[in-house]
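Protein chains in written order, with my numbering: chain A, 39 to 181; chain B, 39 to 181.
Note that beta-carbon positions come from the ideal geometry of N, C-alpha and C, so glycine has one too.
Treat the numbers as computed from the prediction; the structure is a model and nothing was measured.
Read the structure below first, then the notes.
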DNA sequence: ACTGGTCGTAACTATTACTGTTACGTCAGT
DNA sequence: ACTGACGTAACAGTAATAGTTACGACCAGT
């Protein structure tokens, strides 16, 4: 698979903002988060922008602005994050439509669609079973 | 995600070979399979080559050669196919190591590794629950 | 032993997605 | 107004997938 780091960095950012806020700070900047995740602030702004569109965080503009959680980390599951940042299906179909004159070519996509639906459901169920507060708690105890 | 069609085409190829053999033919050529999947024979040879390395199919060379199943379709699960052709993890970690001077940066990867392990297990369990004979049966009844 | 058909594989191109980076407009608190 | 941060466009680099051409290796059948 073409494993990407989007879910990893998004969860990292949320956990960082949550921890920062629990220490009494109001907003976190993309630069602070990027420094922790060792990446570029624009990458963070792009990712958090998608989380904002999904209603997971708020962004404040102007001087002294930054990011804050829209709801408690315990109420943000990994499925919420996944849905906010991942678009396509786990497994793709053929690039070009298979040969419809062939029995297999004509029937394979409906058959696989059903299978892939079950795979997706299994993954989503497991994603929904963990929230970002769980991850942060694990981060803080593994020391 | 960067959904690719490798699992789809691999299952398509296996189902095609299985159906072809059930009709009394000994071997299937990459050209026949490519014609059904509407792709290039080299793509099929590359994919089946990986399935061969995993012991799922045999390839015969020389004139009148081609591919044959190494075992019955009912004994080839989607997990077997997945393991044969997909290498990396479902979700990747940060590209660059996160900031180890930050509490979150230092602890996020072990925490996520545990979560991602559960996700992987859930997916694998579901993949193992379906075999290619099931898929072929579904292909033949959906008509 | 020759021929023909098929696999095995290298090499190249095109497409796509992710990541990193620079740049600059927009906005709001001071 | 000034300042600091987001919002976003634009571009380059990297990597994986997919498609294609080409050709050597191999072997059944003649």
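- Taken through DSSP and simplified to helix, strand or coil, residue 46/B comes out as helix.
- In this structure, the straight-line span from the alpha carbon of residue 68/A to that of residue 46/A is close to 16 Å.
- Under the three-state reduction of DSSP output, residue 87/B falls in the helix class.
- One finds 76 in chain A with Cβ atoms closer than 8 Å to the Cβ of residue 135/B, taken in chain order.
- Per DSSP, residue 41/A lies in no beta strand (DSSP E) segment and is marked neither H nor E.
- Listed along chain A are 173, 176, 177, 180, each with a C-beta nearer than 7 Å to that of residue 149/B.
- Here the alpha carbon of residue 65/A sits roughly 5 Å from the alpha carbon of residue 106/A.
- Assignment of beta-bridge partners to residue 66/A by DSSP yields 105/A.
- By the Cβ-count criterion, residue 53/B is buried, with 16 or more other Cβ atoms from all chains shown falling within 10 Å of its own Cβ.
- Scanning the region 149-179 of chain B from its first residue to its last, the whole alpha helix (DSSP H) runs of 4-plus residues come out as 170-179.
- Taking 8 Å as the threshold, the shortest C-beta distance from residue 40/B to chain A falls below it.
- For residue 111/B, same chain residues with a beta-carbon under 8 Å away, outside a window of 5 residues either side, are 52, 53, 56, 169, 170, 171, 174 in chain order.
- Judged by DSSP in its simplified three-state form, residue 98/B adopts strand.
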